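Per the numbering used here: the sequence shown = residues 39 to 316.
Here a beta-carbon is modelled for each residue, glycine too, at the ideal position from N, C-alpha and C.
Treat the numbers as computed from the prediction; the structure is a model and nothing was measured.
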Amino acid sequence: MILVVKVLNSSVVLVEEEGIEKIVLGKGIGFGKKPGDTIDDERVDKIFLEKNVKLAYITDLAKEVPFQFFQITKEIITLAENSLNRKLNNNIYLTLTDHIYFAVERVKQGLFIPNKLYWEIKNYYPQEFNIAKQAIELLNARYNLTFPEEEASNIAFHLINAQTTTTQNLNTFQYAKMINSIVNLVKYSVGVPIDTSSIHYTRFITHIKFFVERFYANNQLQEDNNDLYEQISSLYPYAMHIAEKVKQYIDQTYHSSISDDEVVYLGIHINRLIRNTK
39 MILVVKVLNS
49 SVVLVEEEGI
59 EKIVLGKGIG
69 FGKKPGDTID
79 DERVDKIFLE
89 KNVKLAYITD
99 LAKEVPFQFF
109 QITKEIITLA
119 ENSLNRKLNN
129 NIYLTLTDHI
139 YFAVERVKQG
149 LFIPNKLYWE
159 IKNYYPQEFN
169 IAKQAIELLN
179 ARYNLTFPEE
189 EASNIAFHLI
199 NAQTTTTQNL
209 NTFQYAKMIN
219 SIVNLVKYSV
229 GVPIDTSSIH
239 YTRFITHIKF
249 FVERFYANNQ
259 LQEDNNDLYE
269 QISSLYPYAM
279 HIAEKVKQYI
289 DQTYHSSISD
299 DEVVYLGIHI
309 NRLIRNTK
């Protein structure tokens with residue numbers, strides 16, 4: 039049973055359920071309610087644990103943003119979760135609603151703010167970017183607008199952040215910047231044009247993305263297999279030379295070392311890239 043503790047506004051109510059205080063959102067669920075009343079859970083669109091969200095923020099958001107934007111955000115999140123086959127962080131319901139509302143208002147006024155990470159997000163997070171493009175199509179149809187494709191990178195940014203599993207609340211800008219720096223260093227070092235549409239390049243990018251995630255989570259591959267390092271260095275000297283350059287770059291830029299095992303697997307992927315580029 040959901041009991042009203044305090045009505046924050048007609049769409050946001052502080053409630054208690056099984057002894058736990060929560061914040062619930064739903065169109066008109068607070069209208070005419072008073073402390074001690076019950077709320078039909080079928081009318082609830084979203085539930086937040088009170089400790090995980092600031093009351094002032096969610097109340098102000100619900101006052102300023104028409105509830106239809108919460109509903110279309112819910113549609114987009116459902117689409118994303120089904121496509122990604124995973125649950126997203128609950129807070130995206132608020133942050134993405136906030137973003138979409140102001141994005142719609144900006145486009146109505148003919149304003150557009152470019153995303154400096156457009157290229158990186160489009161190329162390194164194609165799944166999230168394609169979901170975001172579907173979200174843009176939905177917004178265009180619902181509000182009779184024409185969003186530029188670049189806006190998809192802004193929505194994808196929220197989807198990427200909502201998948202963060204590390205306790206460090208990984209900053210997506212830093213994440214994409216590190217990926218881009220490593221990829222550019224490898225491309226430059228290889229010295230010949232790389233087919234960025236090939237499956238080998240896609241696999242390489244996937245490896246770099248997982249490496250960066252492990253790096254920020256402080257969970258690097260660490261098997262201490264010196265024999266493997268020596269073996270791969272002997273088999274693929276040029277690729278391992280480039281991998282060592284990446285290690286040196288990370289040492290100097292992030293003041294943190296990467297393990298020999300990470301260098302080995304990076305060298306293997308670089309070698310595959312080189313072998314299929316020639």
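Close beta carbons around residue i, own chain, < 8 Å, minus the five adjacent residues each side
{"i": "Lys125", "result": "Glu119"}
{"i": "Asp79", "result": "Ile40"}
{"i": "Glu55", "result": "Met39, Ile40, Leu41"}
{"i": "Tyr239", "result": "Ile232, Asp233, Leu311"}
{"i": "Val53", "result": "Ile40, Leu41, Val42, Val43, Glu59, Lys60, Ile61, Val62, Ile77"}
{"i": "Val142", "result": "Phe107, Leu177, Tyr181, Leu183"}
{"i": "Asn228", "result": "As written in the sequence, residue 228 is Val, which differs from the Asn given in the question. Closer than 8 Å at the Cβ level, and outside the excluded window around Val228, lie Ile280, Ile308, Leu311, Ile312, Thr315."}
{"i": "Asn123", "result": "none"}
Buried/exposed call for residue i, threshold 16 Cβ in 10 Å
{"i": "Met216", "result": "buried"}
{"i": "His307", "result": "buried"}
{"i": "Glu189", "result": "buried"}
{"i": "Asp298", "result": "buried"}
{"i": "Ser272", "result": "exposed"}
{"i": "Val224", "result": "buried"}
{"i": "Leu149", "result": "exposed"}
{"i": "Ser49", "result": "buried"}
DSSP state of residue i mapped onto helix, strand, coil
{"i": "Glu59", "result": "strand"}
{"i": "Leu126", "result": "coil"}
{"i": "Ile232", "result": "coil"}
{"i": "Val302", "result": "helix"}
{"i": "Leu259", "result": "coil"}
{"i": "Val16", "result": "Residue 16 is absent from the structure shown; the chain starts at 39 and stops at 316."}
{"i": "Glu54", "result": "strand"}
{"i": "Ala200", "result": "coil"}
Limits of the beta strand (DSSP E) - the one that residue i falls within
{"i": "Leu46", "result": "40–47"}
Range covered by the alpha helix (DSSP H) that runs through residue i
{"i": "Glu187", "result": "Where Glu187 is concerned, there is no enclosing alpha helix (DSSP H), given that its DSSP letter is neither H nor E."}
{"i": "Glu80", "result": "Here Glu80 belongs to no alpha helix (DSSP H), and DSSP marks it neither H nor E."}
{"i": "Pro152", "result": "Element bounds for Pro152: n/a, residue is neither H nor E."}
{"i": "Lys72", "result": "Lys72 -> no alpha helix (DSSP H), and no H or E assigned at all."}
{"i": "Gln172", "result": "164–181"}
{"i": "Ile284", "result": "A quick correction: the sequence has Val, not Ile, at residue 284. Unbroken alpha helix (DSSP H) run through Val284: 275–292."}
{"i": "Thr240", "result": "237–254"}
Own chain residues within Cβ distance below 7 Å of residue i, not counting five before or after
{"i": "Thr111", "result": "Tyr131, Leu134, Thr135, Ile138"}
{"i": "Asn314", "result": "Ser236, His238"}
{"i": "Gly305", "result": "Ile270, Tyr274, Ala277, Met278, Ala281"}
{"i": "Tyr162", "result": "Ala214, Ile217, Ile243, Lys247"}
{"i": "Lys160", "result": "Phe167, Ser191"}
Residues near residue i by beta carbon distance below 6 Å, same chain, minus five either side
{"i": "Phe242", "result": "His307, Leu311"}
{"i": "Ala200", "result": "Leu126, Asn127, Ile130"}
{"i": "Ile193", "result": "Ala170, Ala173"}
Which runs of the alpha helix (DSSP H) at least 4 residues long sit entirely within the stretch 90–116? Give them in chain order. 93–102
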